[in-house]
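Take a look at the structure below.
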Amino acid sequence: MFFIGVKDKTADAVDRVALFERLIQDSYKPAYGLAYRLTGNASEAEDLVQESFVRAYRFFHRYDESLPFTSWLYRIMTNAHIDSVRRRGRLKTTSLEASGTDGSTTWDLPDLESSPDRVMLQDSLDEPVQKALLSMTPEFRTAVLLADVEGMAYEEVAEIMRTSVGTVRSRIHRGRKQIRSYLLKHAPQTYRSYCDEL
Amino acid sequence: MNCKSVQNRLSAYVDRELGGDELLQIRAHISACPDCQAEADALRSLKFLLNGMGCPEPPEGLSERLSASVLRTRIEDSRGSFRITPLMFAGVAACSMLGTLLLINSGLGHRFFNGHSKASISEMANAPKSGFDAAFGSDSSAPIISAANFGPR
Chain A
67 MFFIGVKDKT ADAVDRVALF ERLIQDSYKP AYGLAYRLTG NASEAEDLVQ ESFVRAYRFF
127 HRYDESLPFT SWLYRIMTNA HIDSVRRRGR LKTTSLEASG TDGSTTWDLP DLESSPDRVM
187 LQDSLDEPVQ KALLSMTPEF RTAVLLADVE GMAYEEVAEI MRTSVGTVRS RIHRGRKQIR
247 SYLLKHAPQT YRSYCDEL
Chain B
13 MNCKSVQNRL SAYVDRELGG DELLQIRAHI SACPDCQAEA DALRSLKFLL NGMGCPEPPE
73 GLSERLSASV LRTRIEDSRG SFRITPLMFA GVAACSMLGT LLLINSGLGH RFFNGHSKAS
133 ISEMANAPKS GFDAAFGSDS SAPIISAANF GPR
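Which chain is which? The protein sequence lines are A and B, in order. Reading the first sequence from the start, the letters are residues 67 to 264 in the numbering used here. Reading the second sequence from the start, the letters are residues 13 to 165 in the numbering used here.
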């Protein structure tokens with residue numbers, strides 16, 4: 067009986083690793099995308115994704131299957147991100163100036179005179195939008211990313227962030243206004259051209 | 013509803029997260045207020061812009077590195093946390109009981125039953141039928157004889 071118990075435990079661990087390898091394959095790309103938007107650079111994004119999967123694996127017994135795995139993973143990731151920003155005690159404003167130096171976030175601004183279409187404008191706004199996101203508090207950034215980039219409903223965002231729908235509504239609204247102010251200040255021409263194209 | 017109150021709800025309006033009277037009031041206000049209409053359009057454009065942002069491609073070999081991290085976690089966990097599960101406990105308890113029974117059978121039991129008088133055995137023989145006996149109709153003397161066999165000869 068003793069050996070059966072040990073054997074079962076080993077079998078459970080093997081099953082869990084196999085399951086996680088599948089879950090990693092299914093979700094690592096969108097998870098990396100969110101981590102990149104949250105942190106603003108490739109190296110921190112990889113660390114965040116890695117930490118999230120390891121935490122998810124360790125606490126898998128707490129996973130409530132009523133929530134999609136990706137939502138649960140995002141909850142772990144956003145908590146880890148908010149904790150990390152708080153631990154550092156400052157916003158990631160320094161990395162705004164440094165982005166692009168590691169080769170991971172280099173944007174080539176298109177020549178707007180020769181290619182004034184919306185897709186090109188959107189591409190050229192990617193960098194200022196990312197900078198605007200990084201200038202916000204992690205709570206606002208997370209709410210805006212989940213709602214606008216991931217396309218989640220307020221209730222799903224509230225579920226992931228473990229807060230009320232009212233708080234989510236307020237964070238998204240204030241977050242969007244901050245991004246808009248940033249774009250109007252730092253990329254006014256491109257942003258206005260983009261809005262006119264719509 | 014004034015402009016400030018409407019503008020605080022415009023993101024939720026653009027996201028179709030409002031319902032009932034709130035939705036109707038905001039819709040009515042916007043149709044009559046160019047400033048709030050412009051604000052709603054601006055928020056809609058921004059939402060569109062954010063929604064169209066590309067998903068950054070993960071670096072080469074990321075999934076393999078993630079799998080390796082999870083695998084390392086398993087090794088660390090199995091080294092660091094040895095816990096007695098209920099199944100292990102049940103196994104140990106069953107072994108202990110079996111050992112005790114064997115001990116009783118092999119000699120210690122004789123000493124134990126020596127302590128009982130013949131009178132007490134006969135009292136047992138006259139005891140009412142157990143639920144098991146009553147249910148399965150066994151001869152009431154049979155189990156008593158086998159119990160008496162534990163006594164000295």
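Quick reminder that beta carbons are idealized off the backbone N, C-alpha and C, glycines included. All figures in this text were calculated on a predicted structure; none of them were measured in a lab.
Query, Result
"Rounded C-alpha distance that separates B/Ala80 from A/Thr208", "28 Å"
"Buried or exposed by the 16-neighbour rule on C-beta atoms within 10 Å, applied to A/Gly241", "buried"
"Alpha-carbon spacing of B/Ala139 relative to B/Leu115, whole angstroms", "Summary for B/Ala139: the model assigns pLDDT 43, below 50, so the residue's position carries little reliability; its value from the coordinates is reported in the next sentence. For B/Ala139 and B/Leu115, the distance between alpha carbons rounds to 28 Å."
"Status (buried if at least 16 other CB within 10 Å, exposed otherwise) for A/Gly232", "exposed"
"Counted within 10 angstroms of its Cβ, other Cβ atoms place A/Val185 as buried (16 or more) or exposed", "exposed"
"Near-chain A residues of the stretch 49-62 of chain B - C-beta to any C-beta below 9 Å", "Asp53, Ala54, Leu55, Arg56, Ser57, Leu58, Lys59, Phe60, Leu61 and Leu62"
"Within-8 Å CB hit, B/Leu74 to chain A", "yes"
"Chain-ordered residues of the stretch 104-128 of chain A with a beta carbon less than 8 Å from chain B", "Ala108, Ala111, Glu112, Val115, Gln116, Phe119, Val120, Tyr123 and Arg124"
"Interface partners of B/Pro70 on chain A, CB under 7 Å", "Tyr94, Lys95 and Tyr98"
"Nearest to A/Phe119 (by Cα), restricted to the options A/Arg103, A/Ala146, A/Ser109 and A/Thr105", "A/Ala146"
"Chain-ordered neighbours of A/Asp34 on chain B, where CB pairs are closer than 8 Å", "Because chain A is modelled from 67 through 264, residue 34 of chain A falls outside the range shown and cannot be assessed."
"Where B/Val82 meets chain A, residues with beta-carbon distance less than 8 Å", "Val83, Phe86, Glu87, Ile90, Phe119, Val120 and Tyr123"
"Contact check, A/Ile238 vs A/Val215, beta carbons under 8 Å", "no"
"Contact under 8 Å by Cβ, B/Pro71 with A/Ala108", "yes"
"Residue of B/Arg77, B/Leu62, B/Leu83 and B/Asp53 minimising C-alpha distance to A/Ala213", "B/Leu62"
"Chain A contact for B/Asn14 (CB, 8 Å cutoff)", "no"
"Residue burial classification, A/Pro134 (beta-carbon count within 10 angstroms, cutoff 16)", "exposed"
"Chain A contact for B/Ser108 (CB, 8 Å cutoff)", "no"
"Interface flag, B/Ser93 vs chain A, CB-CB below 8 Å", "Its pLDDT being 47, under 50, B/Ser93 is placed unreliably in this model, and the value from its coordinates should be taken loosely. Cβ-Cβ to chain A under 8 Å: no for B/Ser93."
"Residue environment, A/Gly217, which counts as buried when at least 16 other CB atoms sit within 10 Å", "exposed"
"Neighbouring residues, chain B, relative to A/Tyr260 (Cβ below 8 Å)", "Ser57 and Leu61"
"Anticipated Cβ contact below 8 Å, A/Leu199 with A/Tyr260, distance rounded", "In fact, because the Cβ distance is near 17 Å, the residues do not count as touching under 8 Å."
"A/Ala122 vs A/Leu191 beta-carbon contact at 8 Å", "no"
"Residue range of the alpha helix (DSSP H) that includes B/Asn117", "No alpha helix (DSSP H) holds B/Asn117; DSSP gives it neither H nor E."
"Rounded straight-line distance, which links the Cα of A/Glu205 to that of A/Glu87", "30 Å"
"Whether B/Val26 touches B/Ala44 by CB criterion (8 Å)", "no"
"Among A/Arg152, A/Arg153, A/Gly155 and A/Leu114, nearest to A/Leu139 - alpha-carbon criterion", "A/Leu114"
"Short CB-CB distance (under 8 Å) between A/Ile226 and chain B", "no"
"Whole-angstrom distance between B/Val18 and A/Ile245, CA atom to CA atom", "20 Å"
"Limits of the unbroken alpha helix (DSSP H) element including A/Ser137", "Phe135 to Arg154"
"Residue burial classification, B/Lys59 (beta-carbon count within 10 angstroms, cutoff 16)", "buried"
"Between the CA atoms of A/Arg128 and A/Pro194 - distance to the nearest angstrom", "39 Å"
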